[in-house]
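Residue numbers (UniProt numbering): 1 to 984.
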């Protein structure tokens, strides 16, 4: 509902005429269609209706007769290195049903609600406005809190459908506190499109609900008026259908296409604005179409099967009066949801993400100010722990230019005020002078404050207990295997030196918990088997745990007793005692919640634990990084660094460097890197490279890519290249939807057509393991689903919390297709990630064949938990080994990072080939950290006023001593240069 476009230098007349195009719209006569807004506009004496001549002058940078704003960037030789930016078009679009109700039915109150919502978003944008300021050759950033915004409300799409939207043109200018007008530093506004869009939607939803409209909320963060059916909305969305058709031609849809791909489709299908249209005549056409579609503009009832599910249990009864909860209570509930949802995945959360999540969940009830107040109440009560403000230097790049300067800014450390003071003191400043410089840097913007971050007491308590349990287990074990006996047992096992040392440590440790940190391909499994044999030969019982079913199967194939960590935690009989040694594999992907529960359970049984993992590989999906924290806290740990998987010496060196975190240095050693800028052409090149291999080579090859959208395209491309497309039959296949436990308690986070699978039986009729199709997601917090026999059930997910949710992909399968299982199935001995080849296809069943000729039959009466497996994401590929890997790395994608690159190239024994959109930027892209913070990493908020007072008093007393001890030992200019290097 919000798109932001940069408008660069072009014909000013065309720009003005485009935005004034709505001057003859139906509601333009109200005088509010073109309006000024912003504190900057007020400073220029602009209010009320936008005068086109003045708008043209400001586009040209003419503030006044004597002031012309320069907005181009030039090098020393005068060459322009960036186009002049006239401003930024923030286009706020109302949902289609809202547009219909306003423009076809003629509901002026909705126009007013839309205008009010746009104004609220612009006020938030002003809080983000900044300008650069330079004092004494030192550049800082000033928060200006003023914008000059010209708003133009339009009522039709390019396809002449009803489309209520406003172009809020933010002119590239803002006034600093010194009275000077400067170009905007656009980072704050431009990088906040989601947030500003959510502010608009929150305000609009609240106004609509106040006006008596019922809203239908969608899982993607959108909403619409509930009395319109999906068909009615679709029939009035010609523009949307054009874009969807263009995406479908590329094998994409709105959920799988990237932002760039959707933008490209929008541009490719865009018609020129049609002028000279009689707006009243057009409205009559809309009314005729509405009658044909059966639209009742007077209705306020829910249009959908959820309102009257025939035969459904838990049917909606007549509405009962509800006691109106205080606004603060509702805000607190929304903030609590946001905290639970976000902290399920991350122990530390940013304020921006917290506000976005809370705003989306609170649509219809809360404004941005309500959300802010709720966060402050949670922080004041101690429920949320706010991190101490961190600051980075605006001038870490002094003396550097171009990319070197950009990189220096990106890598500039973020330090607290206290840490900045200490840094300057170490550089030779007195404490009082250092404190003054830091405070001045904060005030002037030379030290830029980072985003506020939070964690919770629950997360910190859990992490503290994990570390405490390990510490309490040190020195509590009496080893009963002598060094000589262990060495004699291992003499003929062929272990490498590091492996032998690790086995000896496992056998001889005095600690209850120990770790083995090993790079990918170092032979951890071989070492584990040797340790298991030694321990069992000396009377111990050995068992293994792993996070995923496919990893359990790999352990079992090595002869180890193994089960999933989740099944171990659920089991009543844990089958461990003081004589048991538990090996926990892939410890690096175990989240804090499960690690805490496992360690408490094992500690109580008196058993021993050996954690095996690699902190350089991808991290846990849930919150926390306990394996890494345990090692940093001093847990006894063996290290395996002798990589044995790679047989190609050059690739081996590349993997070693990547394992050590030196991704950029590793890149030149990769066997081949191909740059293909356009996504479709790059995917096709990967497909061609795979298809030209022999079948034996393909069986030992992997394609790894970052996103599900690219995975789908590459899989389909491979099938076509291998001649499989069109030779089989289509089946519905299931992919797990990415939802949090908190989201699964609310119906609006389920999509129509998705599949829910209960994990337990419920009294309302839901049966464990049965697939139910979602028919409707309301009204209220109700789901309406259809079962396999056609029965309809209604229930609230707040009471049925153990549900898995899947999306359906209709996919062709044919004999010879490579597939993987996407859900554990104990009855069929199938694990998520197991790989098979399709052997036979039938109308009622599909037969799969795995290793050693094993065959599995799947019933096609319901959707199958199967997916094509030619291309996989990195998370799915972790743990696999092949001869050759083809890797798609897109430099702008968030999925391209240091750990992803390391996992991808380390899968291959002989060759790794990378396909990228930008070879020059690839090194920096794979050097990005997928940072996963622990709750204990956060720097606690301190009371700065007291701290500064203490610093000032202590500083005066210590200055003389410090000058003698530090200052006299340094050259006279050293402190000044050091201070400058820190941007102060």
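A virtual CB, placed ideally from N, CA and C, is assigned to each residue, including glycine.
Check your understanding: In terms of alpha-carbon separation, which member of 778, 801, 644, 817 lies closest to residue 726?
Key -> 817
Using a Cβ distance threshold of 8 Å, determine whether the region 227-241 contacts the region 766-784, with at least three qualifying pairs required.
no
*Indicate whether residue 1021 and residue 25 have their beta-carbon atoms separated by less than 8 Å.*
Absent from the model: residue 1021. The displayed extent of the chain is 1 to 984, so no value can be given.
*Return the CA-CA distance between residue 649 and residue 434, expressed in angstroms with no decimal places.*
52 Å
Quick one: what's got a C-beta closer than 8 Å to residue 605's C-beta in the same chain, skipping five residues either side? Hits under 8 Å: 574, 576, 577, 578, 580.
*What residue from 792, 916, 144 has the CA that sits closest to residue 443's CA?*
144
Using the three-state DSSP reduction, which class does residue 868 fall into: helix, strand or coil?
strand
Checklist entry - So, are the CB atoms of residue 86 and residue 4 less than 8 Å apart? => result no
request  = Measure the CB-CB distance between residue 781 and residue 798 and report whether it falls below 8 Å.
outcome  = yes
Check your understanding: By Cβ distance below 6 Å, which residues in the same chain neighbour residue 14 in space, the five residues on each side in sequence not counted?
Key -> If we look at residue 14 and ignore the five residues flanking it on each side, it has no Cβ neighbours.
Euclidean distance between Cα positions of residue 896 and residue 765:
44 Å
For the region 355-362 and the region 327-338, state whether three or more C-beta atom pairs, one from each stretch, are separated by less than 8 Å. yes
Practice prompt. Locate the alpha helix (DSSP H) running through residue 369, then write down its first and last residues.
Written response: 368-381 is the span of the alpha helix (DSSP H), which, as asked, contains residue 369.
I need the straight-line Cα distance from residue 33 to residue 332, nearest angstrom please. 37 Å
Indicate whether the contact test is met: 3 or more Cβ pairs, each with one atom in the region 587-595 and one in the region 845-858, closer than 8 Å. no
Where the alpha helix (DSSP H) containing residue 472 begins and where it ends:
457-472
Quiz prompt | CA-to-CA distance, residue 356 to residue 195, given in whole angstroms | solution = 6 Å
Quiz item: Helix or strand or just coil, what does DSSP make of residue 320?
Solution: Confidence at residue 320 is low in this model, with a pLDDT of 38, below 50, so the placement of that residue is unreliable and no value is reported for it.
Around the C-beta of residue 292, are 16 or more other C-beta atoms found within 10 angstroms, so that it is buried, or is it exposed? exposed
- Query: By how many angstroms is the C-alpha of residue 99 removed from the C-alpha of residue 296?
  - Reply: 14 Å
For residue 567 and residue 427, I'd like the C-alpha separation in whole angstroms. About 55 Å.
Give me the residue from 881, 63, 855 with the minimum Cα distance to residue 700. 881
Cutting at 7 Å between CB atoms, please list the residues of its own chain near residue 737, excluding the five before and the five after it. Only 754, 805, 806, 807 meet the Cβ criterion.
TODO: Please determine if the region 663-680 and the region 543-561 are in contact, where contact requires at least 3 C-beta pairs separated by less than 8 Å.
DONE: By the C-beta criterion, the region 663-680 is judged not to be in contact with the region 543-561, since fewer than 3 inter-stretch pairs fall below 8 Å.
Neighbourhood of residue 301 by C-beta, 8 Å cutoff - its chain only, sequence neighbours within 5 removed
214, 226, 227, 307
| message | Out of 36, 346, 614, which one is the CA nearest neighbour of residue 525? | response | Checked all of 36, 346, 614; the closest Cα to residue 525 is 614.
message: So, at 8 Å on beta carbons, what are the nonlocal neighbours of residue 939 in its own chain, with the 5 sequence-adjacent residues on each side left out?
response: 387, 388, 390, 416
How long is the line joining the alpha carbons of residue 617 and residue 499, rounded to whole angstroms?
20 Å
Where residue 397 sits in the DSSP three-state scheme: Low local confidence applies: a pLDDT of 49 at residue 397 is under 50, so the model's placement there is unreliable, with the coordinate-based value given in what follows. Reduced to three states, the DSSP call for residue 397 is coil.
Would the region 874-889 and the region 681-700 be scored as touching if the rule is three or more Cβ pairs under 8 Å? yes
Backbone CA spacing between residue 185 and residue 131 [nearest angstrom]: 5 Å
Secondary structure at residue 341, three-state DSSP: helix, strand or coil? The answer is helix: DSSP assigns residue 341 an H, G or I state.
Exercise. When you compare only the Cα positions, how much space is there between residue 452 and residue 706?
Worked result: In this structure, the straight-line span from the alpha carbon of residue 452 to that of residue 706 is close to 29 Å.
| Runs of beta strand (DSSP E) wholly within the region 806-844 (minimum 3 residues, chain order) | 818-821, 835-841
Q.
To test your reading of the DSSP string, which unbroken beta strand (DSSP E) runs of 3 or more residues are found completely within the region 617-681?
A. 637-640, 672-675
- Query: Nearest-angstrom Cα distance between residue 651 and residue 716?
  - Reply: 29 Å
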